[in-house]
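Quick notes on the structure that follows.
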Amino acid sequence: MRLTDDEAGGIAASRGVTLTPEQATALNARADGWVAGVRLMLENTSPTYSKGLPPKDRSALFAYFATEVFTRLTPAGQHILHHAALFPSTMTAAMVGALAGAEGAEAVLVRLARMGWFTSVYEKEEQEWGSVGEVQPSPHPHATVRFYQFHALFREFLRAQGHFEAPVRRAAAHLLQDAGLEGDAAFLLIEAGAWEDLGALVRDQAPRMLGLGRHRTLEHWLRALPPERVNSDPWLLYWL
C-alpha cells in the first residue's frame with residue numbers, strides 16, 4: 252500500500268514539519284510512497300522543510316536498508332539479493348535462483364514482500380514466448396507466475412554492494428530474454444558492453460518490434476552498438 256501525497260503530508264505534520272502541497276508531493280515521490288522512506292527523510296530535515304529534498308536523505312535511506320533489511324538476512328540471502336538487483340525492473344524467483352546459482356530465492360523474496368521491505372509482488376498469467384518473442388497461449392491457462400519488483404532506491408543500494416563482471420550481466424540478460432522481457436535484456440547488454448549479444452538480440456527482435464511500432468526502441472539499441480560493428484553487419488545496417 253502506497254501513501255498518498257496527503258498522507259505523506261500528514262506524517263510530516265505529526266512530526267512537527269510543515270509542508271506545502273508541492274513539498275509533500277516531492278517528498279512522497281522521492282520515497283515512492285513508502286512509509287519508511289518518508290519517515291526517514293523527515294528525520295533529516297528542519298521543521299520548516301527547506302526547499303528541495305533533505306541533503307542526507309539518500310544516506311539515511313541506505314543506512315536503513317542496510318540495518319533494517321540487508322543485515323537481517325543470512326549470507327545466502329544477501330547473495331540472492333545481490334543477484335536479484337541485477338534485473339532492471341522485474342524478475343521471478345526462478346530467474347533469480349538461476350542467476351545466483353542458489354536455492355531459496357522464493358523464500359527470500361516472499362519475506363521481503365510480506366514485511367513491506369521495499370519489495371512488491373504481483374502475479375501474471377503464465378505465457379509461453381516463441382523464438383522471436385511473440386506471446387503464445389499457455390498450455391496451462393489458469394497458471395500464474397509471480398513477479399517481484401524492488402523499490403528503485405533499494406535496488407540502487409543492493410547494486411552498490413557488489414560488482415558483477417560482464418558474464419553475469421549477460422547471463423541475467425539471457426534469462427530476461429527467455430522470459431520475453433527484451434527491453435530489460437537490452438538494458439543489461441548495453442550496460443555490460445556485450446555488443447555481440449546485443450546485435451543478436453536486434454537481429455532476432457527487429458521484425459517483431461517494427462511490426463509493433465517500436466521503431467524508437469529498436470533505433471536506441473542500434474545506436475548503442477559501436478559503429479564499426481553495425482557497419483560490418485548487413486542485417487544491422489538494414490534495420491538501422
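Under my numbering, the first residue of the sequence shown carries the number 252, and numbering increases by one thereafter. The beta carbon of each residue, even a glycine, is placed where N, CA and C say it ideally should be. Since this is a predicted model, take the numbers as computed values, not measurements.
Quick one: is R421 buried, meaning 16 or more other Cβ sit within 10 Å of its Cβ, or exposed?
With 16 or more other Cβ atoms within 10 Å, it is buried.
Outcome for E354 when other beta-carbon atoms lying within 10 angstroms are tallied against a minimum of 16:
Result: exposed.
What's the gap between the Cα of F321 and the Cα of V268?
Their Cα atoms are separated by approximately 29 Å.
Buried or exposed for G462, please, with buried defined as at least 16 other CB atoms from any protein chain shown within 10 angstroms of its CB.
It counts as exposed.
Cβ neighbours of L491 in the same chain (closer than 7 Å, five flanking residues each side left out)
Cβ contact annotation for L491 (same chain, cutoff 7 Å, sequence separation greater than five): L473, V481, in chain order.
Use the C-beta contact count for A263: other C-beta atoms within 10 angstroms, 16 or more gives buried, fewer gives exposed.
So A263 counts as buried.
Please list the terminal residues of the continuous alpha helix (DSSP H) segment that includes E374.
In this chain, E374 is not harboured by any alpha helix (DSSP H); it is covered by the beta strand (DSSP E) spanning 370-376.
Close-in-space but distant-in-sequence residues of the same chain around P298 (CB under 6 Å, 5 per side omitted):
Confidence at P298 is low in this model, with a pLDDT of 48, below 50, so its placement is unreliable and no value can be given for it.
Is V396 helix, strand or coil when you go by DSSP?
Note: V396 maps to strand in three-state DSSP.
Name, in chain order, the residues that DSSP records as bridge partners for M342.
Paired residues: Y399.
Where the alpha helix (DSSP H) through H333 begins and ends
First-last of the alpha helix (DSSP H) with H333: 326-335.
Would you mind sorting L270 into buried or exposed? The rule is 16 or more other CB atoms within 10 Å of its CB.
With 16 or more Cβ atoms within 10 Å of its Cβ, L270 is classed as buried.
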